[in-house]
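A.B. asks:
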Amino acid sequence: MADKAKALQPLVHDEFDDDDDKPLAHRVQKEVALSTADDDSDDDKPLAARLPLGLRTSERKDSLPRTEPAVVKAASLQSKPSTPSLSMKTPKIVVIPQSLGKPDSKMEVDGDDDEDDIPLAQRLASSTSLIKKVVQQKAKASSSTGTTAIAARKLLEKKKVKRLQAQRMVIKKKIITRTTTKSKKIEPASGDGVKWTTLEHNGVIFPPPYEPHGVKMLYDRKPVDLTPAQEEIATMFAVMIETDYAKKERFVKNFWDDWKPYLGKNHVIKKFELCDFTPIFQWHAREKERKKNMSAEEKKRLKEEKLAAEEKYMWAVVDGVKEKVGNFRVEPPGLFRGRGDHPKMGKLKTRILPHDIVINIGKDAPVPECPIPGQKWKEVRHDNTVTWLAYWKDPINDKEFKYVFLAASSSLKGQSDMLKYEKARTLKDYIDNIRRTYTKDFSSSDPTKQQIAVATYLIDRLALRAGNEKDEDEADTVGCCSLKVEHVSLIAPKSLQFDFLGKDSIRYFNTVEVDERVYKAIGQFKKGKKGGDDLFERLDTTKLNLHLKGIMPGLTAKVFRTYNASITLDTLLQDTRGETTIEIIADYQRANKEVAILCNHQRSVSKGHSAQMERLELKMQELEEQLEELETDLDRAKRGKPPLKDSEGKVKRNQTPEALEKKIASTTQKIDKMRLDMRVKDDLKTVALGTSKINYMDPRITVAWCKRHEVPIEKIFNKSLLSKFAWAMEVEPDFRF
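Right, dumping it as structure tokens:
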């Protein structure tokens, strides 16, 4: 089997508890840009004002175009000195055996140029550019005529534009009537605008080849010989035998199914039940301990060697500006963990090699040299309409892709973030009309229109994700469009109880009071259906997003989510009442918590939470005893008496009443701070504040709030967020979302 297998990453390091369960790819979705502007109402009544409606919980359980103004672009380039091209020295060659992969697995890029594969947004964009072209041509032609001719030409021009717009509306109607199309993941296509002119980088860094350790596992209590490929996969499982994953039937079954082909039919190992991985586990534990006990000098040397090897991959040069690259490391092989009861947990993540990777780089830039002899990149592209530097198919789900982008602190990412939040801010100019329209359609005689209205209401009021239809081998997570009858229960007189697994298999359990017409409509949608039937059988994410883009350009469920998260934070922060910095920060965290609850950003209670609270409680008791002792000493000092002996029976020195009063004030402040910290810590034990802060809350709201209340921004944003949101730091204190 050696010629059939690919060697994998060495498993001697300490990173078996890393973030393998995080999503492995950015899903690529078709974007359809439809032009509309049917409302200029300026009513932006915040969702936060109606939080009791949307957040009455009975029990809670566990890339955009780079089109910034020229001034902004110039400033961003001037702020960073021009950097010479990156060094493209040939890296050290590492020989990796061509084995242990999916047998005969090849990934081919579809070269079909059929127009059906062109994103609808691009087709509509071409229609828009045609309109603009006609206008420009007519304007040019009219410049040489008199005023009468100009007026006549303008009239003809308007008629021509109207005809073209009518043609575009026909295209839009055709799109909207494509009722059978389901959302699907597609291979990355070109973007919708030039993002860069020149791009240089050094590609990606691969994990080192596997080094066999030679420790034999036991089968039926007897040592067993394994090839390096077989041993590597066995080691992947062995290091996890004391985790909850190794106790899950699905995890074990998937591991066994993927390991068997590498063992072969004639191998002595036939049954998983007779396998004993303990010797390998013990070897791994010793290796961890050995690394832990290394001297500080040795650890420092290893760290410096690692940084030196990675240095050239950490940077790219975009339009002459040196920018940091995000995750430039190819993911090492291992066993997939997933979240919740993911159907693919335990499956083997095979080694990614150069022939799996597509590189994107400037046309005149040197192509990164392939670091593995006998290998070459799958493809080299020169697409300046996208911002990714490399991508490859996910080894677990070949419908998903793993990308390498510039770091969050890069100018491109900063511009993308700013545009994202500006898009969400634009929604306030449309939101009143949108709500008025979907409210009117609650009682529509058209069942499709009625379902779209109810779904839009739920996305707006509850910040639900749109949701995609899942294949059998994908985690059965749910969004608005993929809700089943069994996920929503009617509770009289007009409440709905939602119970389903959301993104990352996190349970969404919420009971909310809704509009009476929504309550009745949900009852109609459920009528005559079984528990596993679609609640919105006439709707999918493609149709919903087409509808949303028809009422506001670029509107999606995520824009709703970003808008509602940001407007909620902005509104709640207006009620900041704290007097001290500690109290003011607690007000912020409470507002952040409400946003996290709205977005269903939960986390399980950490194992150490109870112990941590007990330690804080003990410290609190000690401080209270100190305070009581100080107050006694103060009383005696005022009466001219010496202080009592301390708890250990030692005589305390005499102190003036003024000195004791200062100590009492200081100790009281410590007690108040600790009491507040304990309350906040316990209050937030099941809420993940970070996700909404990173992805959904406009950072300018936080920066402006910090400036208004003189709170150091470092108290709210950690180092990585300060870098990510550098573009937001110059906002004025009176900024409102």
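In the UniProt record's numbering, the protein residues as written are 1 to 737. Glycine residues also receive a C-beta, built at the ideal position from the N, C-alpha and C atoms.
Can you give me the start and stop residues for the alpha helix (DSSP H) that threonine 437 sits inside?
C.D. replies: 431 to 440
A.B. asks: Mapping DSSP to helix, strand and coil, what is serine 610?
C.D. replies: helix
A.B. asks: Beta-carbon within less than 7 Å of lysine 707's beta-carbon, same chain only, minus the 5 sequence neighbours each way: which residues are those?
C.D. replies: Pro733
A.B. asks: Between aspartate 515 and the rest of its own chain, which residues show a CB-CB distance below 8 Å, the 5 nearest in sequence each way excluded?
C.D. replies: Only residues of its own chain outside the window of five on either side were considered, and among them Thr439, Phe442, Tyr457, Lys494 have a CB closer than 8 Å to the CB of aspartate 515, listed in chain order.
A.B. asks: Could you tell me if serine 720 is buried or exposed, where buried requires 16 or more neighbouring beta carbons within 10 angstroms of its beta carbon?
C.D. replies: Answer is exposed; the Cβ neighbour count stays below 16.
A.B. asks: Under a three-way DSSP split, which group does valine 95 fall into?
C.D. replies: Its pLDDT being 36, under 50, valine 95 is placed unreliably by the model, and nothing is read from it.
A.B. asks: Could you check whether the stretch 556 to 570 touches the stretch 689 to 696, counting it as contact only if at least three pairs of C-beta atoms, one from each stretch, sit closer than 8 Å?
C.D. replies: yes
A.B. asks: Between lysine 724 and serine 410, what straight-line distance do the alpha-carbon atoms span, to the nearest angstrom?
C.D. replies: 8 Å
A.B. asks: Between lysine 715 and the rest of its own chain, which residues show a CB-CB distance below 7 Å, the 5 nearest in sequence each way excluded?
C.D. replies: Ile585
A.B. asks: Just how far apart, CA to CA, sit threonine 556 and glycine 467?
C.D. replies: 12 Å
A.B. asks: Tell me, please, which residues DSSP counts as bridged to isoleucine 491.
C.D. replies: Ser495
A.B. asks: Is it the case that the Cβ atoms of isoleucine 396 and lysine 428 are separated by a distance below 8 Å?
C.D. replies: no
A.B. asks: If distances are taken between C-alpha atoms only, which option among Leu660, Lys420, Met236 comes closest to proline 332?
C.D. replies: Met236
A.B. asks: For arginine 286, does the three-state DSSP call read helix, strand or coil?
C.D. replies: helix
A.B. asks: Is there contact between the stretch 365 to 384 and the stretch 190 to 204, where contact requires at least three CB pairs shorter than 8 Å?
C.D. replies: yes
A.B. asks: So is alanine 234 buried or exposed if we call it buried at 16+ other beta carbons inside 10 Å?
C.D. replies: buried
A.B. asks: From the DSSP output, which residues share a beta bridge with valine 330?
C.D. replies: Answer is none; valine 330 lacks a bridge partner.
A.B. asks: For the stretch 669 to 728, list the alpha helix (DSSP H) runs that are entirely contained and at least 4 residues long, ordered along the chain.
C.D. replies: 689 to 695, 699 to 709, 719 to 724
A.B. asks: Using beta-carbon positions only, say whether asparagine 592 and leucine 689 come within less than 8 Å of one another.
C.D. replies: Yes, they are a contact pair.
A.B. asks: Could you say if the stretch 274 to 283 and the stretch 373 to 382 meet the contact criterion of at least three C-beta pairs nearer than 8 Å?
C.D. replies: no
A.B. asks: DSSP on arginine 736, reduced to helix/strand/coil?
C.D. replies: Correct three-state label for arginine 736: coil.
A.B. asks: Please state the DSSP three-state secondary structure of proline 228.
C.D. replies: Proline 228: helix per DSSP, three-state reduction.
A.B. asks: Output the distance between the C-alpha atoms of alanine 665 and aspartate 570, rounded to the nearest integer angstrom.
C.D. replies: 34 Å
A.B. asks: Does the stretch 267 to 274 come into contact with the stretch 205 to 223, if we say contact requires no fewer than three beta-carbon pairs (one atom in each stretch) closer than 8 Å?
C.D. replies: Between the stretch 267 to 274 and the stretch 205 to 223 there are three or more inter-stretch CB-CB distances shorter than 8 Å, so the stretches are counted as touching.
A.B. asks: If you measure between the beta carbons of phenylalanine 277 and alanine 229, is that distance less than 8 Å?
C.D. replies: Cβ distance not < 8 Å, so phenylalanine 277 and alanine 229 don't count as in contact.
A.B. asks: Hey, lysine 423 and valine 559: beta-carbon distance below 8 Å or not?
C.D. replies: For lysine 423 and valine 559, yes; Cβs fall inside 8 Å.
A.B. asks: Could you check the C-alpha separation between glutamate 310 and lysine 300 for me, to the nearest Å?
C.D. replies: 15 Å
A.B. asks: How is tryptophan 256 classed by DSSP in three states: helix, strand or coil?
C.D. replies: The three-state secondary structure of tryptophan 256, taken from DSSP, is helix.
A.B. asks: Once DSSP output is grouped into helix, strand and coil, what is the label at isoleucine 551?
C.D. replies: helix
A.B. asks: Which residue comes first and which comes last in the alpha helix (DSSP H) that contains tyrosine 245?
C.D. replies: Segment: none, tyrosine 245 is in no alpha helix (DSSP H) and carries neither H nor E.
A.B. asks: Could you compute how far the alpha carbon of glutamate 579 sits from the alpha carbon of lysine 673?
C.D. replies: 13 Å
A.B. asks: Do valine 330 and alanine 407 come within 8 Å of each other at the CB atom, strictly closer than that value?
C.D. replies: Not a contact, by the Cβ cut-off of 8 Å.
A.B. asks: Where does isoleucine 357 sit, in a helix, a strand or coil, going by DSSP?
C.D. replies: strand
A.B. asks: Under a Cβ-count criterion, where at least 16 other Cβ atoms within 10 Å of its own Cβ denotes burial, should methionine 294 be classed as buried or exposed?
C.D. replies: With fewer than 16 other beta carbons inside 10 angstroms of its own, methionine 294 counts as exposed.
A.B. asks: Would the stretch 667 to 682 and the stretch 612 to 622 be scored as touching if the rule is three or more Cβ pairs under 8 Å?
C.D. replies: yes
A.B. asks: Is asparagine 510 helix, strand or coil by DSSP?
C.D. replies: strand
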